[in-house]
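Read top to bottom, the protein sequences are chains A and B. Residues 6 to 722 (our numbering) are what the first sequence spells out, left to right. Residues 6 to 722 (our numbering) are what the second sequence spells out, left to right. Don't be surprised by glycine CBs; every beta carbon is placed ideally from N, CA and C. As the structure is a prediction and not an experimental result, all values here were calculated from the model. Taking it in order: structure first as structure tokens, then the write-up.
Number of protein chains: 2
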Amino acid sequence: MPWRENHRPVYGRAELQRLIDPASVAIIGLSASEGSFGTRTLMNMRQSENVRLYGVNPKADTLHGVPCFASVGQIPERIDCAVIATPRERVEQLVEDCAAAGVGGCIIYASGYAETGREDRLQQQARLAAIARASGLRIVGPNCIGIINNFRHAGLLFLSTYETTPWRLGPIGLISQSGALGYTLAQACERGGNFSHYFTAGNSCDVDVCDFMSYLAEDPACRVITCLVEGVKDGERLIEAGEKALAADKPVVIYKMATGNAAAQAAMSHTGTLAGANAAYDAVFRRTGMIAVDNLEQVYETASFLAKAGRPKAQGVAVMATSGGACVITADKAELHGVALPQPGPATQAVLDAAIPEFGSARNPCDVTAQVINDPDSFMRCTKAMLEDPAYGALILPQVVSGELTINRVPVVAGLAEGAGKPICITWINEWLEGPGSALYEANPNTAVFRSTDRCFRALAAWQWRERIRQVPAPKPRRTSGKPAAAVAQRLLDAAGPRLSETQAKAVLAAYGIPVARDVLVQDADAAVAAAAEIGYPVVIKLDSPDIAHKTEAGVVKLGLADEAAVRKAVAEITAAAERIVPAPAIRGISVQPMISAGIELVIGARLDPQFGPLIVVGMGGVLVELMADTAVDLAPVDHDGALALLKSLKAWKLLTGYRGARGVDLDRVAAIVVAVSELATDLAASIGEIDVNPVICSPDRITAVDALIIRRGVSA
Amino acid sequence: MPWRENHRPVYGRAELQRLIDPASVAIIGLSASEGSFGTRTLMNMRQSENVRLYGVNPKADTLHGVPCFASVGQIPERIDCAVIATPRERVEQLVEDCAAAGVGGCIIYASGYAETGREDRLQQQARLAAIARASGLRIVGPNCIGIINNFRHAGLLFLSTYETTPWRLGPIGLISQSGALGYTLAQACERGGNFSHYFTAGNSCDVDVCDFMSYLAEDPACRVITCLVEGVKDGERLIEAGEKALAADKPVVIYKMATGNAAAQAAMSHTGTLAGANAAYDAVFRRTGMIAVDNLEQVYETASFLAKAGRPKAQGVAVMATSGGACVITADKAELHGVALPQPGPATQAVLDAAIPEFGSARNPCDVTAQVINDPDSFMRCTKAMLEDPAYGALILPQVVSGELTINRVPVVAGLAEGAGKPICITWINEWLEGPGSALYEANPNTAVFRSTDRCFRALAAWQWRERIRQVPAPKPRRTSGKPAAAVAQRLLDAAGPRLSETQAKAVLAAYGIPVARDVLVQDADAAVAAAAEIGYPVVIKLDSPDIAHKTEAGVVKLGLADEAAVRKAVAEITAAAERIVPAPAIRGISVQPMISAGIELVIGARLDPQFGPLIVVGMGGVLVELMADTAVDLAPVDHDGALALLKSLKAWKLLTGYRGARGVDLDRVAAIVVAVSELATDLAASIGEIDVNPVICSPDRITAVDALIIRRGVSA
């Protein structure tokens, strides 16, 4: 991509398979001590399948029953994965040894690198990265806990628990920058959760969360990817990984932490990554169909549901509760998250009416009452009818009271879900968190457990939203007057030099078909008067200078000039104001423009984000709306539908479409400007840092860019 | 209160003690059947202390070892509490019997009353209410599960679990309209939770959630009140109960469901209560210091924390984690919820620096690393130093990995918290929800468990917020020109009749000291011209009619009239426009007013809510801000500080205080208008339905109410 040098595409399964799914593993620094990281790793590999294990220890021939060698190079077979369980001081040489021995990948536990913030340690980590780059040796870490490939029962990590933990094999792949934090989710296995992989990235000198995501997109053992991340250094790689997962139809549930200012500081000291702008991350998540959550406790539940739910067969959701209060809560949350709870069809209604007593509610949400729940036949009939109703894609059963009887119900409920090919969500709203039956529901492939009605509906909404994600096709190269627009715009930029005046910026925009207010550049009052007469009064005159970004504040704009006298007075005032500016700005002349009558003012802009490349920004203009922060951001370029979606997400969308009987504006023409700005920012990302078309005045009859600012890349405004 | 007839103050402990804390209990409808509601209730009373039990069953002398009588009146002692466990058909007569026998209170299980929506059943329920009112017999239900007085080990409910459930005695009182939903929280006792009472209100024909809240405010066994409610019929009673709890310094954690349109419908069919406007509820919660939560899972955690936390000793909070990722999440959530995480003082810093290795972080949030956690001495020193730092009122320990070792740590952690007199919050962020040690932390009076960092910080923020709640003193009766303003305003209203014109409405406002735009009422063009000359050009003229609420739309307002000719033309046009209105409006004349120059436009209004009485509403004017829904609501009256708080909560507060270098407006004068409107609406609540002062034009030099509408109570606009 033109805006980034040294961009590295994400690794795929081919690059990472030896590391993650090894046939031979060497534990470097294996010792006799029971508690050492090396020994713990060996214990965690005891149950692994089809893996040959070796130790590297110059002082022993065997340790814990495993053959040992003095160095990795002396092992009589090529090693796929080497776990380096030594102190930091010895790591660099060992990594060199691994590279020389043709090892597939290393896992480095040692800490004390970039996370310390010390310059010598940053360099130490950079040297590891350089070895990886030069040799093709893949490195996980340093400062990581390791990885688990649950499909092979392979625990390549130093936590002393893999052997004793009930690691059920399952569809969820778990990626975490912070190893300990990732392990918080992995502990769901203690109550019925199940995982395919657990990857910790640590300081990510080589392999990072994006690479792991890319790997999981290709590994069939994983069906849903979860990712805990503080930030990525190269946003384009996150986009690539997300697009791979989307293409593989594997949902990604991502928890992006470090959203605030304080946390961004904590993130820097922790992993040495810079937290990117939240809006840019959100745009990436939307574009690639990743499901962004804002709470840790939402990650596992959402992923587990998605792994079980398949694709939705209908948009509606049914609710069957034994408590009217639970019905009210589900209705609240459905409305909040925009999930439809349609009423049952006639066949379903008949079943409900026959079964439910008068103090219940035979509608959706359905209060079947304890009477129905306690009668297995009646409960089966109602559940089956709801599941088979074509209006519903999922059924929610709030678990109000938990007890031993709950256990008996699990196979019945799960069997009905399986039979209908639709997921049943158990909203485990009782505070007996691991009450009887909960682990059975959790472990069952047809029932998903949520311990929050709110989180259940967030997940349902995300499930439905993912169906609407579509890839944005790359735009065709834009042409202007028969020539490539990018080349024309680039020539205009090159001619203008490092800074552009308003009229120069508008010329660039015009090359992309953006309707800019006409301007006539003149050098004196007489010429200004002549231009005004030709344009037609009233007019606006502005100083045209590449050095004044904010003309109004500098007093070099005069609006609504009605006649020749006003024009002459304005020219004099602007000239005087310009002379007072220190240092003296370069002046290209005086621009005479038509006065555009009032309308809805939009800001359409673009910004080259150092992590994510060009971003398109749309917002309402004017003081009030700035207070309301009514803006929307997406990755550039956007297509017409994407531009309309951005505009629609503004609070002030109603104003554009016609509010209180006013006529609306031509939204297609507004969208076309958004598309054009987004393409300009993308095509010329090597040259343009910021574009600010502000205001675009929109009235029912006319849409015009009245002012514009283009800032060259690397030039401060 | 003047706006409500038939208002009943909440019951207190005196009225409810016999029912809730009985010395004698009769179970009416007790039978030999093991599964019957009566027998279950008896079983749930087996462990009760100092309670004499009786059965009412005409066919038996004893049942399950308890003496039985043919009717409640034949029991040889006065009965405090009668549980009616019979079908609905027999209930009314039995309630009459109880009233006649001097029973203190009844609990009615039977359903099929108002929740069916059937007219005959509504009447049946109303007859029960009438018996309660006439006799003084207190009734819980019908359609309820019953109540638990855990202090007496008394389970006056039909769920068959009280005997077998580990009901730990504790400080949390639990009130729920929906019995089953309340029981979802009560099940926290299975994992360490503890309760003083569990009250279900059901259809609330007599005793409702407000009465229970009032009772708990007086019962020393309860220290924190939780309440699940769909809506209350009489909002003033909720205010009374909340104020009682506030005065008793007992936090109330309330989950108001039925917040949406769909849910409001579900609520109606469920309990027959109307959901009130969300904004009015929020105002009540703010005013009375109730902590409103919007998720069921937040209720118990928040209440448990508050019961353990006491009053905050400092506003700052300290965080000690073993994971940098956990530090980042806590920093995110602290910032989101406005909880300060100040840096440690020098003494604390020295302890941390000595203990924490370089790959950790010796700041707040503090990443102590696994190395410190695994060294008991080092962990103790750091924890103690953080707890003793005067900057901190609480300490958060994220529980990242759960295991058997966690259990040993609980008494150490709890002991340090107890020693410091500050709460320790365990954010149990690992997904092993009931992992080893969690129940011990839960049951301990010095440690509070949250299974969500977000919910922990919400609770901390609420804990700190509650310290800032202050009672609003009743305003002194306002006087105008030496006379009571309310009497003056009432006379103006009475003179105006059922509908008020603008000039009449402004006269009422002026009686409360509100600065209204001057107006001169004239009857013809000559008089208008004379008035305009006297007022000074430019002027505004408007038709003054009690029958035209929206003058601009009717074409009877002319703005910015610069001279006599313009005034004559405007009078003619307005007169013509008025003649076209059908039916013909009453016309009081033509009002000539000064043209107020532009400024920030506010709307200040009041509304008599049928549930909550007078509400004061403040908002920004103009089309854009209406789109943004920038309004704030409080209970009327407000005092000066309350008015400023309302204004401050507007998004556009920045505009009022001076935005982008503009001069701000006199906020005290704006607040004075808010106070005056709120007092007018309160004082004249018997007469006024709505007040709309719109716009109030605010500039740095002048604040003027330019237009006003007052709608009499019971009169449609």
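Where the alpha helix (DSSP H) through residue i begins and ends
i        : result
A:GLU393 : 381-393
B:ILE84  : Unbroken run through B:ILE84: none, as it is neither H nor E.
B:PRO416 : 409-425
B:THR458 : 458-471
A:PHE74  : Looking at the DSSP string, A:PHE74 is not in any alpha helix (DSSP H); the run it does join, the beta strand (DSSP E), is 71-74.
Contact check, residue i vs residue j, beta carbons under 8 Å
i        : j        : result
A:VAL623 : A:ILE609 : yes
B:ALA710 : B:ILE546 : no
A:ALA657 : A:ASP635 : yes
B:ALA87  : B:ILE33  : yes
A:LEU689 : A:LEU514 : no
B:LEU632 : B:ALA288 : no
B:VAL597 : B:VAL527 : yes
A:LEU164 : A:MET50  : no
A:ASP459 : B:ASN699 : no
First through last residue of the beta strand (DSSP E) which encompasses residue i
i        : result
A:ILE25  : Counting along the chain, A:ILE25 falls outside any beta strand (DSSP E), though it belongs to the alpha helix (DSSP H) covering 18-25.
B:LYS261 : 257-261
B:PHE200 : 199-205
B:VAL289 : Careful: B:VAL289 lies outside any beta strand (DSSP E), inside the alpha helix (DSSP H) at 283-293.
A:ARG143 : 143-145
A:CYS111 : 110-113
Option nearest residue i by Cα separation, candidates the options
i        : options                                : result
A:ASP66  : A:ALA37, A:VAL304, A:GLN52, A:GLU82    : A:ALA37
B:ALA90  : B:ASN62, B:GLU82, B:PRO72              : B:ASN62
A:SER407 : A:THR327, A:ILE716, A:GLN616           : A:THR327
B:TYR305 : B:THR169, B:ALA252, B:ILE244, B:ALA464 : B:ALA464
B:HIS645 : B:LYS255, B:TYR114, B:GLU684, B:ILE177 : B:GLU684
B:ALA492 : B:GLY315, B:ALA691, B:ARG523, B:ALA530 : B:ALA691
B:LEU127 : B:PHE217, B:GLY175, B:ARG93            : B:ARG93
A:VAL258 : A:ALA297, A:ALA252, A:ARG228, A:ALA222 : A:ALA297
B:LEU174 : B:GLU245, B:CYS232, B:LYS659, B:SER53  : B:SER53
B:ILE595 : B:ALA536, B:LEU649, B:GLY626, B:ILE601 : B:ALA536
8 Å contact criterion, which residue i and residue j should meet: CB distance rounded
i        : j        : result
A:ILE180 : A:GLY146 : Not really, about 14 Å apart at Cβ, beyond 8 Å.
A:CYS332 : A:ASP372 : 5 Å
A:PRO370 : A:LEU311 : About 23 Å separates the two Cβ atoms, so there is no contact after all.
B:LEU505 : B:ILE334 : Not quite, the Cβ-Cβ distance comes to about 57 Å (not below 8 Å), so this is no contact.
A:VAL234 : A:GLN182 : 5 Å
A:PRO349 : A:MET391 : 7 Å
A:VAL229 : A:LEU21  : Contact doesn't hold; Cβ gap of about 19 Å is too wide.
A:ILE702 : A:LEU661 : The Cβ separation is near 12 Å, so there is no contact.
A:ILE361 : A:THR374 : 6 Å
Open item on the list: Residues of the region 182-194 of chain B in Cβ contact with chain A at a cutoff of 9 Å, in chain order, please.
Closed with: GLN182, SER183, GLY184, ALA185, LEU186, GLY187, TYR188, THR189, LEU190, ALA191, GLN192, ALA193, CYS194
- [ ] Could you run through the region 415-447 of chain B and flag, in chain order, every residue whose CB is less than 7 Å away from some CB of chain A?
- [x] ILE434, ASN435, GLU436, TRP437, LEU438, GLU439, GLY440
TODO: With 9 Å as the limit, tell me which residues of the region 222-241 of chain B have their beta carbon closer than that to any beta carbon of chain A; keep them in chain order.
DONE: LEU233, GLU235
Task: chain A contacts from the region 397-415 of chain B (Cβ-Cβ distance under 8 Å) - done: VAL405, VAL406, SER407, GLY408
- [ ] Taking only beta carbons into account, state which residues of the region 309-332 of chain A come closer than 9 Å to chain B, listed in chain order.
- [x] ALA326, THR327, SER328, GLY329, GLY330, ALA331, CYS332
Open item on the list: Residues of the region 100-133 of chain A in Cβ contact with chain C at a cutoff of 7 Å, in chain order, please.
Closed with: The chain inventory of the structure shown lacks chain C, comprising the protein chains A and B.
- [ ] Determine which residues of the region 448-470 of chain B have a Cβ less than 8 Å from any Cβ of chain A, and write them out in chain order.
- [x] ARG456, SER457, THR458, ASP459
Task: Under 8 Å (Cβ pairs) to chain A, residues found in the region 339-352 of chain B - done: ALA339, GLU340, LEU341, LEU346
Task: the region 37-50 of chain B: positions lying closer than 8 Å to chain A by Cβ - done: none
TODO: Could you name the residues of the region 355-371 of chain A whose beta carbon sits closer than 7 Å to any beta carbon of chain B, in the order they occur along the chain?
DONE: GLU363, PHE364, SER366, PRO370
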